[in-house]
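For reference, the structure discussed in these notes is given below.
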Amino acid sequence: INKAHKVTAYSYGMDFDKAVALSNTTFGVTYNGKFNLSDSTKLAVKAGYASQSDTGDNPTEYDAHFMTFEAMAKFAKFGIGAGYEVLGSDDGKKAFQTPLATLHKWQGFADKFLATPADGIVDTYIKATTKIGKVGLTAFYHDFSADHGDRDLGSEIDLVAAYKVNKHFSTVVKYANYSADDHASDTSKLWLMATLKF
Numbered sequence: 003i004n005k006a007h008k009v010t011a012y013s014y015g016m017d018f019d020k021a022v023a024l025s026n027t028t029f030g031v032t033y034n035g036k037f038n039l040s041d042s043t044k045l046a047v048k049a050g051y052a053s054q055s056d057t058g059d060n061p062t063e064y065d066a067h068f069m070t071f072e073a074m075a076k077f078a079k080f081g082i083g084a085g086y087e088v089l090g091s092d093d094g095k096k097a098f099q100t101p102l103a104t105l106h107k108w109q110g111f112a113d114k115f116l117a118t119p120a121d122g123i124v125d126t127y128i129k130a131t132t133k134i135g136k137v138g139l140t141a142f143y144h145d146f147s148a149d150h151g152d153r154d155l156g157s158e159i160d161l162v163a164a165y166k167v168n169k170h171f172s173t174v175v176k177y178a179n180y181s182a183d184d185h186a187s188d189t190s191k192l193w194l195m196a197t198l199k200f
């Protein structure tokens, strides 16, 4: 629409020879908007919807949906936001699939949802960002539940600290703590990473 408001429509067709259960056709639309609330306060809004169905030799006939909404307020020294994301289920038969996605980035760093459960996922989350000196800090809290049925899938806290030493060298520390309910098991993970670029 303009530089501050962008609408994107898309379609993906995935027909796999060796993973036919993941073959799907997806149609969707996303909106990204930026609003200046004051000289020091900005609001970023993201919303999206998609519909997915089986294709090719997929043995399961299904129709599932995806919905997402996130609002992030950015102030002079910190940001805070909340979001709601649904990878929907077709009555428990099969859920919305993302076989080519960077899955670690989305439903928690503990990687408990690398494959979407048949009952789907509802991810309600809050996040906060700030910077102390040259260290960027980010915190997430996720509450997971099933789209089909009333199962509570657990919750997770994710923490990230990133420090860019110079234009060639940067470091990241990440921590994830997943508290299980009706899915998987309690898990804690810690990452220490260093990146060197030339």
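Residue numbers (this note's numbering): 3 to 200.
Think of the CB as a built atom: it goes at the ideal place given N, C-alpha and C, for glycine as much as any other residue.
Item, Value
"Where Lys76 sits in the DSSP three-state scheme", "strand"
"Any beta strand (DSSP E) of 3 or more consecutive residues that is wholly inside the region 4 to 87", "7 to 16, 26 to 38, 44 to 56 and 65 to 76"
"Trp193: first and last residue of the uninterrupted beta strand (DSSP E) it sits in", "Thr189 to Leu198"
"Selection from Ala196, Thr189 and His185 that minimises the alpha carbon distance to Asp121", "His185"
"N-terminal and C-terminal residue of the beta strand (DSSP E) that Gly90 is part of", "No beta strand (DSSP E) contains Gly90, which DSSP labels as neither H nor E."
"Beta-carbon gap between Gln54 and Asn26 smaller than 7 angstroms", "yes"
"Cβ shell of Gly94 (< 6 angstroms), same chain only, five flanking positions each side left out", "Ala120, Asp121 and His150"
"Within the region 106 to 163, ranges of the alpha helix (DSSP H) (whole runs, at least 4 residues)", "none"
"Of the residues Gly15, Leu192 and Ala52, the one placed nearest His67, counting alpha carbons only", "Ala52"
"When Ile123, His106, Asp125 and Val124 are compared against Leu116, the one with the closest alpha-carbon", "His106"
"Secondary structure of Phe171, DSSP reduced to three states", "strand"
"Alpha carbon of Gly135 to alpha carbon of Leu192, nearest angstrom", "23 angstroms"
"DSSP beta-bridge partners of Lys166", "Ser172"
"Where Ala103 falls: helix, strand or coil (DSSP)", "coil"
"Exposure label - Ala60; buried when at least 16 CB within 10 Å", "Checking the displayed sequence, the identity of residue 60 turns out to be Asn instead of Ala. That one is buried."
"C-beta contact flag for Phe142 and Leu155 at 7 angstroms", "no"
"Buried/exposed call for Phe98, threshold 16 Cβ in 10 Å", "buried"
"Counterpart residues of Ala97 in DSSP-defined beta bridges", "Ser91"
"Ala186, DSSP secondary structure in three states", "coil"
"Proximity winner among Thr197, Thr28 and Gly138, relative to Leu89 (alpha-carbon distances)", "Thr28"
"Alpha-carbon spacing of Asn4 relative to Lys36, whole angstroms", "10 angstroms"
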